[in-house]
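Protein chains: 2
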Amino acid sequence: MAIEQIDVDAVREELRRVAAERDPAAARALLRRWPPDDAIAVLDELPADELASVVSLLGDEALAEVLEHANAATAARLIVKLSHAQAADVLEEMAPDDATDVVEELEPAEAEAILVQMDRPEAEAIRELMVYPSETAGGRMTPDFVAVGAGLTVDQALAALRRVAAEAETIYYVYVTDADGRLVGVLSMRDLVLARPGTPVEAVMVRDVVRVRADADQETAARLLADRGLLALPVVDAEEHLLGIITADDAADVLEEEATEDMERLGGSRPLEVPYLLAGPLTLARKRIGWLLLLFVAEAYTGSVLRAFENELQAVVALTFFIPLLIGTGGNTGSQTVTTVIRAMAVGEVQFRDLFRVWVKEVATGLLLGAVLAVAAFARAWTLGVSPNIGLTVATTAGAICLWAATVAAVLPLLLRRLRIDPAVVSAPLITTLVDGTGLVMYFEIARFLLRL
Amino acid sequence: MAIEQIDVDAVREELRRVAAERDPAAARALLRRWPPDDAIAVLDELPADELASVVSLLGDEALAEVLEHANAATAARLIVKLSHAQAADVLEEMAPDDATDVVEELEPAEAEAILVQMDRPEAEAIRELMVYPSETAGGRMTPDFVAVGAGLTVDQALAALRRVAAEAETIYYVYVTDADGRLVGVLSMRDLVLARPGTPVEAVMVRDVVRVRADADQETAARLLADRGLLALPVVDAEEHLLGIITADDAADVLEEEATEDMERLGGSRPLEVPYLLAGPLTLARKRIGWLLLLFVAEAYTGSVLRAFENELQAVVALTFFIPLLIGTGGNTGSQTVTTVIRAMAVGEVQFRDLFRVWVKEVATGLLLGAVLAVAAFARAWTLGVSPNIGLTVATTAGAICLWAATVAAVLPLLLRRLRIDPAVVSAPLITTLVDGTGLVMYFEIARFLLRL
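Top to bottom, those sequences are chains A and B.
In this text, residue positions in the first sequence follow my numbering: the first is 3, and each later residue adds one.
In this text, residue positions in the second sequence follow my numbering: the first is 3, and each later residue adds one.
As structure tokens, this is what we get:
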């Protein structure tokens, strides 16, 4: 992980000085020194009047650039602090896809008040993009792509490109469409620059364009773009009409967000969906309590198991000493396995057809780990001064629980995907909980057998 | 997560048919239909003679393109199956940074045997890149950038660009260097296309170039590139000499890998560093056993706690019923908190200066969750038919453990970062283990007090 510190107070002081001197270039340079989210944090803490004067000093374009690369929720927080007219001016300067993300974070009434103040074409573009659900490829695309007709020559295409270059999100791919706007090919800037002027576009374009449907999942689109090493991915409707493009920086954002959500799920809570520092205790509690209660109910089963073996426990109190150790070890093994398997599934390395292979691999690993931990468990039992038979019981259970935890953690996520349930619901705490109850049953059954209880 | 299935057997059959017909275009089109790692998996399972014939049918360039976008370890597995001459030809066609990653995965003798078969300039480029540790910006950069002298005009720069475009990794940024090769500015392709032909490069270039030192951490570089929405990031040495560039697709790869490593660490194992299906049980066990034993030793402490409270346990066996439930709940709360905090730190949302804010937030959340779980715990005690006083003990402990787990999980990662220890060593299992022992002490102290033991 990167280690980075920014002194917000020092930056704010410097910004005030620059604002007092009314030096726009210095203000922009100052802001550019930090990642956009940090820059916004600095602006966010200014009093309203100072903020207004700094924003007008920076200019709409410079502020738009910062907001484009910031988290949408963070950007929205700043936007609502501006006047509607100021907010409209800044949103006009932003790329339509980024502006749409910010507008979608606002209260509907607030969003509408700002949209009506915007210039017609920019507001229209945002309204059109708002039609697509934000988790889809359509919700991530920008309409600012460059497309040329299939009938042009390379130099005509270059001339067309020059006219639109200032507005387009990326000019590095030029898409080729037919008379109905259907995607038929793609040219890279490199192809255009290298080709002889009179060459028809159709002769140099690549016909087999990697593309994605607007209703596809945003993660599918992002991973496709990343896997193929593309700088942009065209988005089409069911009839292959070119609607927009997703750029590499947006794809990286999507993959980051999805990794965050997967991690939060693996940790046993629902995804936060806002930056951590913006989430209050109520939001955090709401995201966590569901799973916590469900796991509590599932774990409550361990109480019944222990009550069922009350006689054994009363006969050999020493058995109690090892309960947390054994179920803890099972939970740890399960957590290691499930995290690795879930991530391998998320990045596309493992699929349902690999179930048997994964299971064999994890059982073999579980046997190795179980053997080592059985020895460790026997040693621990010896240091606690219990009888050798109890030691043997604890060692056998440690090995068995390792194997069992690895099996559950390896197989469950793949089975769930087969059932079309998002395997990320299988969190480390869930595996731990499942292994706790079943592990205790194994423990006492092994104890009954070895200690002849 | 994306849901995708590829039928390896069907693809292999089709590939064989295409190979028999000696149709290179069809073979390439077939391979392009899948993500590179899957395409390699198909090739990887062919017998050696068939592989050789398919590879020669595809051509070095098409195979190089697949390998460039595949995981380096996967690519290396395929490379060693080719003859040294064939491997050398394919590596020559690859971008030097990707080729270097693959060569670094090979046995040193094998790598040397292939390198000596390669053309001099390509082999030299790889040897130079191998100097930089693979986890640094230098280890991720490609030397195939485009740079022009500060004294040129825009049209001279465009002409220079046209000459090198075919070899360069990205031609979308043109870097400007002084006579000593120091980075002094950057031009986008857009600037060049839009500027009037006679304009000096110095008049249109941006001087304040976002750059990274070659010895910087690769994640720092990748996050900088992603945060600023750049397509490439220049890499310089201590004297600002331009050494290479990191492109957006490589940055996305870095962020994916780092997310995978963080997740594996959070799950309680050391990072695998190879694709999951390539890791055998021995590798998996080796990555997991260290933490597992350490956690086992730490958890063994719970045995001592329980033995210390042996009299209480013997007096009230019912106290045992709730041990897994209480420590499990503490572990779950801790897991939720630590996952969220570690991820927020990884993406740069939270830093050490936020320690107090994070702690207050998590304590408030812990109080909310603790209150709900105390009620749930009392209800569970009641259904198990224990005395109300035991119920009260269990409820109080549930609330207290929630608060305690949230505190430990929120504060520990930030403190470790302050001590320059990678906070990702704080796994969910580690928090669970820490809370288990301390939680039991709380449980029995509360029991002693409320039950007057």
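C-beta: ideal position from N, C-alpha, C; glycine also.
Where the alpha helix (DSSP H) through residue i begins and ends
{"i": "residue 41 (chain A)", "result": "38–46"}
{"i": "residue 238 (chain A)", "result": "Run containing residue 238 (chain A): none in the alpha helix (DSSP H); it sits in the beta strand (DSSP E), 234–238."}
{"i": "residue 379 (chain A)", "result": "357–385"}
{"i": "residue 157 (chain A)", "result": "156–166"}
{"i": "residue 205 (chain B)", "result": "203–206"}
{"i": "residue 128 (chain A)", "result": "122–131"}
{"i": "residue 421 (chain A)", "result": "Residue 421 (chain A) -> no alpha helix (DSSP H), and no H or E assigned at all."}
{"i": "residue 300 (chain A)", "result": "283–310"}
{"i": "residue 86 (chain B)", "result": "86–95"}
{"i": "residue 145 (chain A)", "result": "Looking at the DSSP string, residue 145 (chain A) is not in any alpha helix (DSSP H), and its letter there is neither H nor E."}
{"i": "residue 445 (chain A)", "result": "430–453"}
Check: residue i C-beta below 8 Å from any heavy atom of the ligand NAP
{"i": "residue 137 (chain A)", "result": "This structure simply doesn't include the ligand NAP, nor any ligand for that matter."}
Short CB-CB distance (under 9 Å) between residue i and chain B
{"i": "residue 158 (chain A)", "result": "no"}
{"i": "residue 309 (chain A)", "result": "yes"}
{"i": "residue 363 (chain A)", "result": "yes"}
{"i": "residue 380 (chain A)", "result": "no"}
{"i": "residue 341 (chain A)", "result": "yes"}
{"i": "residue 154 (chain A)", "result": "no"}
{"i": "residue 91 (chain A)", "result": "no"}
{"i": "residue 136 (chain A)", "result": "no"}
{"i": "residue 414 (chain A)", "result": "no"}
Among the options, nearest to residue i - alpha-carbon criterion
{"i": "residue 263 (chain A)", "options": "A:256, A:257 and A:273", "result": "A:273"}
{"i": "residue 351 (chain B)", "options": "A:384, A:155, A:297 and A:279", "result": "A:279"}
{"i": "residue 212 (chain B)", "options": "B:206, B:199, B:228 and B:198", "result": "B:228"}
{"i": "residue 67 (chain B)", "options": "B:96, B:382, B:54 and B:322", "result": "B:96"}
{"i": "residue 378 (chain A)", "options": "A:363, A:270 and A:404", "result": "A:404"}
{"i": "residue 382 (chain A)", "options": "B:374, B:300 and B:375", "result": "B:300"}
{"i": "residue 197 (chain B)", "options": "B:179, B:308 and B:155", "result": "B:155"}
{"i": "residue 363 (chain A)", "options": "A:374, A:375, A:380 and A:342", "result": "A:342"}
{"i": "residue 442 (chain B)", "options": "B:326, B:147, B:261 and B:253", "result": "B:326"}
{"i": "residue 191 (chain A)", "options": "A:184, A:181, A:182 and A:207", "result": "A:207"}
{"i": "residue 220 (chain B)", "options": "B:15, B:360, B:239 and B:252", "result": "B:252"}
{"i": "residue 430 (chain A)", "options": "B:87, B:336, B:139 and B:71", "result": "B:336"}
{"i": "residue 295 (chain B)", "options": "A:136, A:355 and A:331", "result": "A:331"}
{"i": "residue 44 (chain B)", "options": "B:51, B:33 and B:433", "result": "B:33"}
{"i": "residue 438 (chain A)", "options": "A:344, A:108 and A:298", "result": "A:298"}
{"i": "residue 340 (chain A)", "options": "B:125, B:134, B:268 and B:113", "result": "B:268"}
{"i": "residue 121 (chain A)", "options": "A:140, A:109, A:142 and A:86", "result": "A:86"}
Beta-ladder partner(s) of residue i, from DSSP
{"i": "residue 136 (chain A)", "result": "Answer is none; residue 136 (chain A) lacks a bridge partner."}
{"i": "residue 151 (chain B)", "result": "B:179"}
{"i": "residue 184 (chain A)", "result": "A:243"}
{"i": "residue 189 (chain B)", "result": "B:176"}
{"i": "residue 480 (chain B)", "result": "Nothing can be reported for residue 480 (chain B), as the shown portion of chain B is limited to 3 through 455."}
{"i": "residue 219 (chain B)", "result": "B:138"}
CB contact check: residue i to chain A, cutoff 9 Å
{"i": "residue 34 (chain B)", "result": "yes"}
{"i": "residue 70 (chain B)", "result": "yes"}
{"i": "residue 447 (chain B)", "result": "no"}
{"i": "residue 6 (chain B)", "result": "Low confidence applies here, because residue 6 (chain B) scores a pLDDT of 43, under 50, leaving its location unreliable; read the following figure in that light. Cβ-Cβ to chain A under 9 Å: yes for residue 6 (chain B)."}
{"i": "residue 3 (chain B)", "result": "For residue 3 (chain B), the pLDDT reaches just 33, beneath the cut-off of 50, and the residue's location in the model is therefore unreliable, leaving the point undetermined."}
{"i": "residue 145 (chain B)", "result": "no"}
{"i": "residue 110 (chain B)", "result": "no"}
{"i": "residue 213 (chain B)", "result": "no"}
{"i": "residue 186 (chain B)", "result": "no"}
{"i": "residue 438 (chain B)", "result": "yes"}
{"i": "residue 57 (chain B)", "result": "no"}
{"i": "residue 63 (chain B)", "result": "no"}
Residue range of the beta strand (DSSP E) that includes residue i
{"i": "residue 325 (chain B)", "result": "Counting along the chain, residue 325 (chain B) falls outside any beta strand (DSSP E), though it belongs to the alpha helix (DSSP H) covering 325–348."}
{"i": "residue 249 (chain B)", "result": "244–249"}
Closer than 7 Å, Cβ to any Cβ of chain A: which residues of the region 321–336 of chain B, in chain order? Residues 322, 323, 324, 325, 326, 327, 329, 330, 331, 333, 334 and 335.
For the region 380–407 of chain A, which residues have a beta carbon sitting closer than 7 Å to at least one beta carbon of chain B? 382 and 386
Chain B contacts made by the region 289–301 of chain A, where a contact means CB separation under 7 Å: Within the region 289–301 of chain A, contact with chain B at the beta-carbon level (separation under 7 Å) is assigned to 290, 291, 294, 295, 297, 298 and 301.
Using a Cβ-Cβ cut-off of less than 8 Å, list which residues of the region 215–238 of chain B approach chain A; keep chain order. 219, 221, 222, 225, 226, 228, 229, 230, 231, 232 and 233
Using a beta-carbon distance cut-off of less than 7 Å, what residues from the region 266–283 of chain A approach chain B? 266, 268, 269, 270, 271, 274, 277, 278, 279 and 283
Can you pull out the residues from the region 188–204 of chain A whose beta carbon lies closer than 7 Å to at least one beta carbon of chain B? Within the region 188–204 of chain A, the residues whose Cβ lies closer than 7 Å to some Cβ of chain B are 191, 192, 195 and 196, listed in chain order.
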